[in-house]
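Quick note: the sequence shown, position 479, residue 481 per our numbering, numbers continuous.
Worksheet: the structure to be examined is printed underneath.
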Amino acid sequence: MISKHSHEQSDRGEGVEVVQNEPYEDPVYGSGQFTEKRVYLNNKLPSWARAVVPKIFYVTEKAWNYYPYTVTGNSSTMTCSFLPKFSIHIETKYEDNNGSNDNIFEQPRVEDTEVCSIDIAYDEIPERYYKESEDLRYFKSEKTARGLLQEGWRDTQDPVMCSYKLVTVKFEVWGLQTRVEQFVHKACSLIFSFKVIRDVLSLGHRQAFAWVDEWIDMTMEEVREYERATQEATNKKLGTFPPAISISETPLPSCAHSGPSSAPSTPLSTEAPDFLSVPKDRPRKKSAPETLTLPDPARRDSSYRLPSLFSWGSSSPKSLYKIWSVTLEASSSSSTTSTASQSKRDRDFSDPFISKRFRAADATPVPRFLSTRAQLYERVFPQYRQPVEIGGFSLDSQRSFFNDSRQLRYYVDPGKKPHFNLRDGYRDRFIKRDDGVKEKLDHILRWIVSNRAKLRSTPTSLSSSPLGVDFVTWRGHLTKVLTTPYETQEGWLLAVSYFRGTLYMSEVETEAARVNRENRTERHEEMMYWGYKFEQYVCADDVNSVPDRGGVVNTNEAFCTVVQTRLADHKLLFSGEVDCRDKDPAAPAAPACYIELKTSAEICTPKQRSNFNRFKLLKWWAQSFLPGVPRVVAGFRDHDGVVVSVETIHISKISQLIKNEHNCWKPTVCMNFCSDFLSFVKSVVKEDNPRLVYLFTWEPRRDVTYTVHRDSQYTFLPDWYINEITSH
Numbered sequence: 003m004i005s006k007h008s009h010e011q012s013d014r015g016e017g018v019e020v021v022q023n024e025p026y027e028d029p030v031y032g033s034g035q036f037t038e039k040r041v042y043l044n045n046k047l048p049s050w051a052r053a054v055v056p057k058i059f060y061v062t063e064k065a066w067n068y069y070p071y072t073v074t075g076n077s078s079t080m081t082c083s084f085l086p087k088f089s090i091h092i093e094t095k096y097e098d099n100n101g102s103n104d105n106i107f108e109q110p111r112v113e114d115t116e117v118c119s120i121d122i123a124y125d126e127i128p129e130r131y132y133k134e135s136e137d138l139r140y141f142k143s144e145k146t147a148r149g150l151l152q153e154g155w156r157d158t159q160d161p162v163m164c165s166y167k168l169v170t171v172k173f174e175v176w177g178l179q180t181r182v183e184q185f186v187h188k189a190c191s192l193i194f195s196f197k198v199i200r201d202v203l204s205l206g207h208r209q210a211f212a213w214v215d216e217w218i219d220m221t222m223e224e225v226r227e228y229e230r231a232t233q234e235a236t237n238k239k240l241g242t243f244p245p246a247i248s249i250s251e252t253p254l255p256s257c258a259h260s261g262p263s264s265a266p267s268t269p270l271s272t273e274a275p276d277f278l279s280v281p282k283d284r285p286r287k288k289s290a291p292e293t294l295t296l297p298d299p300a301r302r303d304s305s306y307r308l309p310s311l312f313s314w315g316s317s318s319p320k321s322l323y324k325i326w327s328v329t330l331e332a333s334s335s336s337s338t339t340s341t342a343s344q345s346k347r348d349r350d351f352s353d354p355f356i357s358k359r360f361r362a363a364d365a366t367p368v369p370r371f372l373s374t375r376a377q378l379y380e381r382v383f384p385q386y387r388q389p390v391e392i393g394g395f396s397l398d399s400q401r402s403f404f405n406d407s408r409q410l411r412y413y414v415d416p417g418k419k420p421h422f423n424l425r426d427g428y429r430d431r432f433i434k435r436d437d438g439v440k441e442k443l444d445h446i447l448r449w450i451v452s453n454r455a456k457l458r459s460t461p462t463s464l465s466s467s468p469l470g471v472d473f474v475t476w477r478g479h480l481t482k483v484l485t486t487p488y489e490t491q492e493g494w495l496l497a498v499s500y501f502r503g504t505l506y507m508s509e510v511e512t513e514a515a516r517v518n519r520e521n522r523t524e525r526h527e528e529m530m531y532w533g534y535k536f537e538q539y540v541c542a543d544d545v546n547s548v549p550d551r552g553g554v555v556n557t558n559e560a561f562c563t564v565v566q567t568r569l570a571d572h573k574l575l576f577s578g579e580v581d582c583r584d585k586d587p588a589a590p591a592a593p594a595c596y597i598e599l600k601t602s603a604e605i606c607t608p609k610q611r612s613n614f615n616r617f618k619l620l621k622w623w624a625q626s627f628l629p630g631v632p633r634v635v636a637g638f639r640d641h642d643g644v645v646v647s648v649e650t651i652h653i654s655k656i657s658q659l660i661k662n663e664h665n666c667w668k669p670t671v672c673m674n675f676c677s678d679f680l681s682f683v684k685s686v687v688k689e690d691n692p693r694l695v696y697l698f699t700w701e702p703r704r705d706v707t708y709t710v711h712r713d714s715q716y717t718f719l720p721d722w723y724i725n726e727i728t729s730h
């Protein structure tokens, strides 16, 4: 689970580099595991610290972990070779209690000592880390029956393992001593010298509890294999560099490393990291950084490894504790040949992985990136034409395409206080679609081929197109673009090809999404089923029938609307699945008669209401506003999956629901960003070639960038469609 946590916390150019991960034999504590990782922290420093700290600034973390013993009395020290007067001394002890030991380190209390507690269930969770499935107030383990963690759980739950950490900071350089020491201790920053680590530490412990059903049954062989696979995926996520992890199955003798007893005296490296080229005879300076040269990361023989953001202690999911031996090392703030330490926006036009930087029609350079900062898009709401349905299609129980509405269902009002058991049928009446099969745009393309007469050949903003539109895509892809300025968890990859005057946009599964999909817990899978079951409770197959609440739930079946609209100067054709329609004969024409069905946890506190408004309503609004669906019917359920209330939410009123939320999302930002993204795509993609794919990439808190791929694995327009369009 540590590997999974590291993968989730990694980003392009930032992540966790595992240097060693090997069994270790200690003469006192017995068998354990030794891990050494590199943790890059520069981007997490406050701005005033980044001004004086090198860009490639990392911590070497060495950890000795044992089970079932609790190792006490060992400490670790972090010292910076760049700032020789800077050090952090950490002592760690673990006890099987609820934090009741007031003097575990048996030291006299000094005046400036601050005692803080971290509660993994009830401490406030930063919005970028919040996931409902990891909210321990509502999580209950299927395999161990652990949870729910109710208010006051630390006094009632047994057993409890508490980690005590004593952090001592010294910093005497450039007149920043007081400011640095205050920052270290501010907000109970108990691990490392950076405030953000407290949040990540809380996140890691919370995830270890919430993911218990994933690791509780693992053998050590399965653990090691999982570590290998996850670390490879993490390295690819970091930037497709070769894996840095070395996992050994042979226990090392205690003399092979500086074990726990010698951890405090771990020697500091006074040399530059091994991937930096530094003249050996160059004298070090106390008041200024060295000037170092990085190897070119494009070279295959380069030993450069992408920097890392944060690492977690033990490599064994059974270990409930960790011992840290940490050395802080730094390289220079300047380099002469490095491109790996630069952001994508600073890369040269000659980057071999990013071509077609200039317009085909003239030599005007196109943008190399698109910012996602929300404040840049707070301007007048862009023109968005009322979506018009021009058709629809059905997918049957085998995902076969039908050019009709046979799968369209009708909404039956369940009343305000239903008692729907959403778990019913999960074990014996559920046929799940294989979400490992990627259908790309195939179903939309089949609809286009079957309905060419409905598509007029009119000039677009790009050129004359047989379809009369600028973009063809799925509604879900546009939804992801709309919510990007406020998304903090999941990135995306969108492949775009330009063919016969139209831009086709298809999603590519990210490596993080693949790992999450392949490692879902049983609880997560069941909760995904609940949404489909709710649809079964409130939908009938025809206008005069009633819901078949005991039937089979088959997620292969679907009805999809196809709509045309215009956002600013972008003519759009997209399709999206429709849950049901109003059965009233007087209901307006589609898409205004359609209804979106959703489920969510019941809202019991103001904090839950705020989270609902800030996160759930954003996704619901974007998904429904785009195709012109006017309302969402939401079933609010308890922890056991029983719907306790139903509420109708009108899309046009959502902006009023969120107007009093502090620092909340804004519809105008979403729509303006989407419009600018489409303009960005148009400015980049100029070559009319269905085999040429422009891959647009975004990760949270990053800019949108792109790469170009010719005749690659990302090609998504099928031959049968290319031939059909070309022949007419």
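Each residue gets a CB set at the ideal place from its N, CA and C atoms; glycine is no exception.
Beta-carbon separation of glutamate 701 and glycine 493 under 9 Å?
yes
In whole angstroms, give me the CA-to-CA distance for tyrosine 723 and aspartate 642.
46 Å
If we count the other Cβ atoms within 10 Å of its Cβ and call it buried at 16 or more, is cysteine 118 buried or exposed?
exposed
Consult DSSP for isoleucine 724 and reduce its assignment to one of helix, strand or coil.
helix
Just curious, the alpha helix (DSSP H) that glutamate 537 is in, first and last residue?
524–540
Grouping DSSP H, G and I as helix and E and B as strand, with all else coil, what is tryptophan 494?
strand
Would you say alanine 497 and leucine 372 are within 9 Å of each other, going by their C-beta atoms?
no
So the alpha helix (DSSP H) methionine 163 belongs to, where does it begin and stop?
Per DSSP, methionine 163 belongs to no alpha helix (DSSP H) and is neither H nor E.
Among residues of its own chain, excluding the 5 on either side of proline 632, which ones have a beta-carbon nearer than 6 Å to its beta-carbon?
Ala594 and Ile653
Just checking my contact of valine 671 with glutamate 380 at CB under 8 Å: how many whole Å lie between their CB atoms?
Valine 671 to glutamate 380, Cβ: 6 Å. Contact.
Nearest to leucine 758 (by Cα), restricted to the options Ser165, Lys442 and Arg408
Coverage of the chain is limited to positions 3 through 730, which leaves residue 758 absent and any answer about it impossible.
Through-space distance from histidine 711 to glutamate 251, alpha-carbon basis
Here glutamate 251 scores only 46 on pLDDT, less than 50, and its place in the model should not be relied on; the value that follows carries that caveat. Their Cα atoms are separated by approximately 40 Å.
Residue environment, cysteine 676, which counts as buried when at least 16 other CB atoms sit within 10 Å
buried
8 Å Cβ shell around histidine 2 - same chain, five flanking residues per side excluded:
Within the shown structure, residues of the chain are numbered from 3 to 730, placing residue 2 beyond reach of any answer.
Is it buried or exposed, serine 204, if we count other Cβ atoms within 10 angstroms and call 16 or more buried?
buried
Proximal residues to threonine 512 (C-beta, below 7 Å), its chain only, five neighbours per side dropped
Gly493, Trp494 and Leu495
Report the residue from Ala591, Asp543, Asp472 and Arg411 whose alpha carbon sits nearest the alpha carbon of serine 499.
Asp472
Going along the chain, which residues of its own chain have a beta-carbon closer than 7 Å to the beta-carbon of tyrosine 716, five neighbours each way excluded?
Ala497, Val510, Val695 and Leu697
Check whether the Cβ atoms of lysine 585 and alanine 636 lie closer than 9 Å to each other.
With contacts defined by Cβ atoms closer than 9 Å, lysine 585 and alanine 636 do not form a contacting pair.
So alanine 570 packs on proline 384, CB below 8 Å; how close in whole Å?
The Cβ separation is near 5 Å, so the contact holds.
Give the DSSP bridge partners of valine 580, in chain order.
Phe561
Cβ neighbour criterion (16 or more within 10 Å) applied to proline 608
exposed
Between which two residues does the beta strand (DSSP E) containing histidine 711 stretch?
Note, histidine 711: beta strand (DSSP E), 707–712.
From the DSSP output, which residues share a beta bridge with glycine 393?
Note: glycine 393 sits in a beta bridge opposite Val564.
Of the residues Thr557, Cys541, Pro549 and Val545, which one's Cα is nearest the Cα of tyrosine 531?
Thr557
Can you name the residues that DSSP bridges to lysine 95?
Paired residues: Tyr166.
Could you round the C-beta distance between arginine 429 and valine 555 to whole angstroms and report it? I think they count as a contact, below 8 Å.
The pair is not a contact, with the Cβ atoms about 11 Å apart (cut-off 8 Å).
Leaving aside the five residues before and after glutamate 559 along the sequence, list all residues of the same chain whose C-beta is less than 7 Å from its C-beta, in chain order.
Leu397, Asp398, Ser399 and Gln409
When you compare the CB positions of valine 1 and proline 590, do they come within less than 9 Å of one another, or not?
Nothing about residue 1 can be reported from this structure: the residues present for the chain run from 3 to 730 only.
Our contact map puts threonine 374 next to proline 487 with C-beta atoms below 8 Å; I'd like the distance itself, whole angstroms only.
Taking a contact as a CB-CB distance under 8 Å, the pair threonine 374 and proline 487 counts as one, their CB atoms being some 5 Å apart.
Where arginine 516 sits in the DSSP three-state scheme
helix
Sorted by chain position, which residues of the same chain lie with C-beta nearer than 8 Å to glutamate 726's C-beta, five sequence neighbours on each side aside?
Val451
Nonlocal neighbours in the same chain, by C-beta distance under 8 Å from tyrosine 621, ignoring five residues either side
Reading the sequence as shown, one finds lysine at residue 621 and not tyrosine. Thr481 and Thr485, listed in sequence order.
Whole angstroms are fine: how far does the CA of asparagine 103 sit from the CA of isoleucine 218?
29 Å
Span of the beta strand (DSSP E), counted from its first residue to its last, around methionine 507
504–510
Would you tell me roughly how many angstroms separate the C-alpha atoms of threonine 146 and aspartate 215, rounded to the nearest one?
Whole-angstrom Cα-Cα distance: 8 Å.
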